[in-house]
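Student: Before we start, here is the structure in question, set down as structure tokens.
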Amino acid sequence: MLTEELRSEVARLKSERDAVVLAHYYVNPEVQELADHVGDSFALAKLATTLPASTLVFAGVSFMAESAKLLSPNKTVLMPDPAADCPMAHMVLRKTVDAARERYGDDLAVACYVNSTAEAKSWSDVCVTSSNAVKIVRALPQANVLFVPDRHLGRYVASQVPEKNVILNDGYCPIHQDISANEVRALKAAHPDAPVLAHPECGPEAMALADFAGSTSQIIEAAVCGAALDYIVLTVDGVRGELERQTAGTGKRFHFPATRPVCPDMDRITVERLVSCLRDGSGEVGLPPADVAEGARAALARMLELGAR
Ligand code: 13P
Ligand code: SF4
1 MLTEELRSEV ARLKSERDAV VLAHYYVNPE VQELADHVGD SFALAKLATT LPASTLVFAG
61 VSFMAESAKL LSPNKTVLMP DPAADCPMAH MVLRKTVDAA RERYGDDLAV ACYVNSTAEA
121 KSWSDVCVTS SNAVKIVRAL PQANVLFVPD RHLGRYVASQ VPEKNVILND GYCPIHQDIS
181 ANEVRALKAA HPDAPVLAHP ECGPEAMALA DFAGSTSQII EAAVCGAALD YIVLTVDGVR
241 GELERQTAGT GKRFHFPATR PVCPDMDRIT VERLVSCLRD GSGEVGLPPA DVAEGARAAL
301 ARMLELGAR
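For reference, each letter of the sequence shown is one residue, going 1 to 309 in the numbering used here.
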């Protein structure tokens, strides 16, 4: 429970540092309460480019803070715990990209999920997030699209854009991949009228049981706008707070897999670490080498451009 004293201390530190706190839906609910903005990866990346504050504190994993730094290189970007990293971000090899380019030449685009290192982004033509991947891949002029690093989001995109030859890589999110079809069937048996809302990082068996697939924000929107009272939610448990906040007083209920999916890296962002980062200015995110920064920034900028159309 956050005390008034802590809330005012955080407000004072933010104003002293001219800092804005951006939090992903997966981080600790109390960190979300202390944030100025809470959102999905795309919303936060876009927002970071428009905020006037000189310091952005990114309460999320490192690819999110790194993307903010790439898009706003003159701002100070801080992470409450720089060790909070997304394992999937590292699951693509340069040789995979090179082999596809060699095989398909100019008729290949490399679409890189934003959950990736700056280096992987720099090998790519465009970044995507789970909220815009389908739209962006559909809009690409090339017939062949290498989708990295997430094989599950890539497979979902391929199913929605059958006119493209989507080539999959072998990366995955260990947390979403672990949500089993049996758990989903058990939830459906207990709540037969509940729509299943899934993050497309889930594996194919769980996805086959889903009624709706979307990013964290899109899942929240589907539950807020839906007519049902019960919802089965296949993503990290962190979204529960926002789901409950936005549906307060409606009687809506949210059912997550019994194994309670949590992201250990997002969980590294605690209130204590947020406060010390604001106090000391610790956890500063640097820019990668200039050639990497330039390539990664171009892929992110193309996402912002295609995502806005
Ligand atoms: P969103 O883009 O839906 O916020 O998801 C980010 C993420 O890391 C999902 O695991
Ligand atoms: Fe990465 Fe999965 Fe955590 Fe999202 S939930 S940040 S994809 S490890």
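Even glycine gets a Cβ: it sits at the ideal position worked out from N, Cα and C.
Put I232 into one of helix, strand or coil per three-state DSSP.
Tutor: Position 232 of the sequence shown, counted from the first residue, corresponds to residue 232. Of the three classes helix, strand and coil, the one that applies to I232 here is strand, per DSSP.
Student: So, using beta-carbon positions, are T129 and S62 closer together than 8 Å?
Tutor: Residue 129 sits at position 129 when you count from the first residue of the sequence shown. Residue 62 sits at position 62 when you count from the first residue of the sequence shown. No, the pair does not count as a contact, with Cβ atoms beyond the cut-off.
Student: Out of curiosity, what's the CA-to-CA distance linking L56 and Q246?
Tutor: Translated into positions along the sequence shown, residue 56 becomes position 56. Translated into positions along the sequence shown, residue 246 becomes position 246. C-alpha separation (whole angstroms): 25 Å.
Student: Once DSSP output is grouped into helix, strand and coil, what is the label at D150?
Tutor: Numbered from 1 along the sequence shown, position 150 holds the residue referred to as residue 150. In the structure shown, D150 sits in a strand (DSSP, three-state: E or B).
Student: For a test of your reading of the model: does the CB of C112 fall under 7 Å from any non-hydrogen atom of the ligand 13P? Yes or no.
Tutor: In the sequence shown, residue 112 corresponds to position 112, counting from 1. No, since every heavy atom of the ligand 13P falls outside the 7 Å radius drawn around the Cβ of C112.
Student: Report the rounded CA-to-CA distance for T76 versus K69, giving the unit in angstroms.
Tutor: In the sequence shown, counting from the first residue as 1, residue 76 sits at position 76. In the sequence shown, counting from the first residue as 1, residue 69 sits at position 69. In a straight line, the C-alpha of T76 is about 8 Å away from that of K69.
Student: Counting pairs of beta carbons, one from the segment 41 to 60 and one from the segment 220 to 238, are three or more of them closer than 8 Å?
Tutor: The segment 41 to 60 vs the segment 220 to 238: no contact.
Student: For E201, count neighbouring C-beta atoms within 10 Å of its own C-beta (all shown protein chains included) and say buried if the count is 16 or more, exposed if not.
Tutor: Numbered from its first residue, the sequence shown carries residue 201 at position 201. Looking at its Cβ environment, which holds 16 or more other Cβ atoms inside 10 Å, E201 is buried.
Student: What did DSSP end up calling H199 once you bin it into helix, strand or coil?
Tutor: Walking along the sequence shown from the start, residue 199 turns up at place 199. H199 falls in the coil class under three-state DSSP.
Student: Going by DSSP in three states, L168 sits in which element: helix, strand or coil?
Tutor: Working through the sequence shown from its first residue, we reach residue 168 at position 168. It is a strand residue.
Student: Around the Cβ of E242, are there at least 16 other Cβ atoms within 10 angstroms (buried) or fewer (exposed)?
Tutor: Indexing the sequence shown from 1 puts residue 242 at position 242. E242 comes out buried.
Student: Just jot down, in chain order, the residues whose CB lies closer than 5 Å to any heavy atom of the ligand 13P.
Tutor: Checking every Cβ against the heavy atoms of the ligand 13P under 5 Å gives D40, S41, T129, S130, S215 and T216.
Student: Smallest Cα separation from A373: which of A206, V20, N169 and G226?
Tutor: Because the chain here runs from 1 to 309, residue 373 falls outside it and cannot be looked at.
Student: Between which two residues does the alpha helix (DSSP H) containing R253 stretch?
Tutor: Translated into positions along the sequence shown, residue 253 becomes position 253. It is not in any alpha helix (DSSP H) - R253 instead sits in the beta strand (DSSP E) that spans R253 to H255.
Student: Check whether the Cβ atoms of M207 and Y156 lie closer than 8 Å to each other.
Tutor: Position 207 of the sequence shown, counted from the first residue, corresponds to residue 207. Position 156 of the sequence shown, counted from the first residue, corresponds to residue 156. Their beta carbons are under 8 Å apart, which means M207 touches Y156 by this criterion.
Student: Measuring CA to CA, which of P174, L34 and D98 is closest to S8?
Tutor: In the sequence shown, counting from the first residue as 1, residue 8 sits at position 8. Closest by alpha carbon: L34.
Student: Please tell me whether, using a cut-off of 7 Å, the distance from the CB of Y312 to the nearest non-hydrogen atom of the ligand SF4 is below it.
Tutor: Here the chain covers residues 1 to 309 and nothing more, so residue 312 does not appear.
Student: Between which two residues does the alpha helix (DSSP H) harbouring Y26 extend?
Tutor: Numbered from 1 along the sequence shown, position 26 holds the residue referred to as residue 26. Counting along the chain, Y26 falls outside any alpha helix (DSSP H), and DSSP gives it neither H nor E.
Student: Could you tell me if the beta carbon of V61 falls within a distance shorter than 7 Å of some heavy atom in the ligand SF4?
Tutor: The sequence position of residue 61 within the sequence shown is 61, counting from 1. V61 Cβ: within cutoff of the ligand SF4.
Student: By the 10 Å Cβ neighbour count, where 16 or more other Cβ atoms means buried, how is M64 classified, buried or exposed?
Tutor: Mapped onto the sequence shown, residue 64 falls at position 64. When all chains shown are included, M64 counts as buried.
Student: Between the alpha carbons of F212 and D280, how many angstroms are there, rounded?
Tutor: To locate residue 212, count along the sequence shown from 1; it is residue 212. To locate residue 280, count along the sequence shown from 1; it is residue 280. Roughly 43 Å separates the two Cα atoms.
Student: Please work out which residues of its chain come closer than 7 Å, Cβ to Cβ, to A53, disregarding the five sequence neighbours upstream and downstream, and give them in chain order.
Tutor: By one-based count along the sequence shown, residue 53 stands at place 53. Counting only Cβ-Cβ distances below 7 Å, and skipping sequence neighbours, we find D18, A19 and V20.
Student: For N182, which option in V137, A258 and V148 has the closest C-alpha, if you only look at C-alpha atoms?
Tutor: For this step, residue 182 is matched to residue 182 along the sequence shown. Selected option, being the one with the closest Cα: A258.
Student: So what does Y113 bridge to, in DSSP terms?
Tutor: For the purposes of this step, residue 113 is taken as residue 113 along the sequence shown, with counting starting at 1. BP columns for Y113 point to V128.
Student: Kindly identify the DSSP beta-bridge partner or partners of L56.
Tutor: For the purposes of this step, residue 56 is taken as residue 56 along the sequence shown, with counting starting at 1. Its beta-bridge partners are V20 and V77.
Student: Can you tell me whether DSSP reads A222 as helix, strand or coil?
Tutor: Along the sequence shown, read from residue 1 onward, the residue named residue 222 stands at position 222. Three-state result, A222: helix.
Student: Examine the ligand SF4 and report whether any of its heavy atoms sits within less than 7 Å of the Cβ of E205.
Tutor: Taking the first residue of the sequence shown as 1, we reach residue 205 at position 205. The answer is no for E205.
Student: What alpha helix (DSSP H) runs, 4 residues minimum, are completely inside the segment 265 to 308?
Tutor: For the segment 265 to 308, whole alpha helix (DSSP H) runs of length 4 or above, ordered along the chain, are 271 to 280 and 290 to 308.
Student: For the ligand SF4, any of its heavy atoms closer than 7 Å to the Cβ of D170?
Tutor: Here residue 170 refers to the residue found at position 170 when the sequence shown is read from its first residue. Checking every heavy atom of the ligand SF4 against the Cβ of D170, none is found closer than 7 Å.
Student: Mind checking whether the beta-carbon of P87 lies closer than 7 Å to any heavy atom of the ligand FMN?
Tutor: The ligand FMN is not part of this structure, which contains only the ligand 13P and the ligand SF4.
Student: Between the beta-carbon of H24 and the beta-carbon of M266, is there less than 8 Å?
Tutor: The residue you call residue 24 lines up with position 24 of the sequence shown. The residue you call residue 266 lines up with position 266 of the sequence shown. Yes, they are a contact pair.
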